[in-house]
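Going left to right, the sequence shown walks through residues 61 to 194 as the working numbering numbers them. In this text, a Cβ means the ideal position worked out from N, Cα and C, and glycines have one as well. Contents: one structure, followed by commentary.
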Amino acid sequence: MKRLLAITVMVLMVSGGAAWAAQYGAPKAWKTKPSGVISGVVIGPDDKPVPRAAITYQSSAGDEPHAVHSDSHGHFTITKLRTDNYDLRASANGVFSEWQKNFPVTSGKTSDITLHLIYAKAMPKSSGKSAKKN
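Structure (structure tokens):
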């Protein structure tokens, strides 16, 4: 008897919650998670992909700044983004791209972008050690 009562209460709660959500809209916690994606590549001043470049991004309103790195072929993917406009910039070895402002992202879709590093005729060589003095 107690089990039947418990099941009945649960069914009423679920059906009542569904009816409330249909009438008043689902609470934020019930809505789908962000699923927009930015996929891209970083190209250096020498027109070659830049491995391990840093890509800085944030919503155009300045919210939630983050960074990712490109892979060994200069490609990167940013996932779980809300529908919004984003500002992006890449950098590597002291060379930067222009800010790409108001880049649109829609939840459920992938947006592609190419970031070009500028302000140098060639990519500086990165080395872990200082140059020797003569």
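- Under the DSSP definition of a beta bridge, A150 partners with I115.
- For H126, the enclosing beta strand (DSSP E) stretches over residues H126 to H129.
- Of the candidates S99, I178, D144 and G122, the residue whose Cα lies closest to the Cα of V128 is S99.
- Boundaries for T143: no beta strand (DSSP E) harbours it, and the DSSP string shows neither H nor E there.
- In the structure shown, the three-state DSSP call for T174 is strand.
- Burial state of A121 is exposed, judged by a 10 Å Cβ sphere holding fewer than 16 other Cβ atoms.
- Proximity to Y117 across K169, R142 and I178 peaks at R142, based on C-alpha coordinates.
- At the C-beta level, P94 and K140 come within 7 Å of one another.
- If you look at K169, you'll find it isn't in any beta strand (DSSP E); DSSP assigns it neither H nor E.
- By the Cβ-count criterion, G96 is buried, with 16 or more other Cβ atoms from all chains shown falling within 10 Å of its own Cβ.
- As computed with DSSP, V102 is found in a beta bridge with L175.
- Only exposed fits D172, as fewer than 16 other CB atoms lie within 10 angstroms of its CB.
- Boundaries of the beta strand (DSSP E) around V155: V155 to S157.
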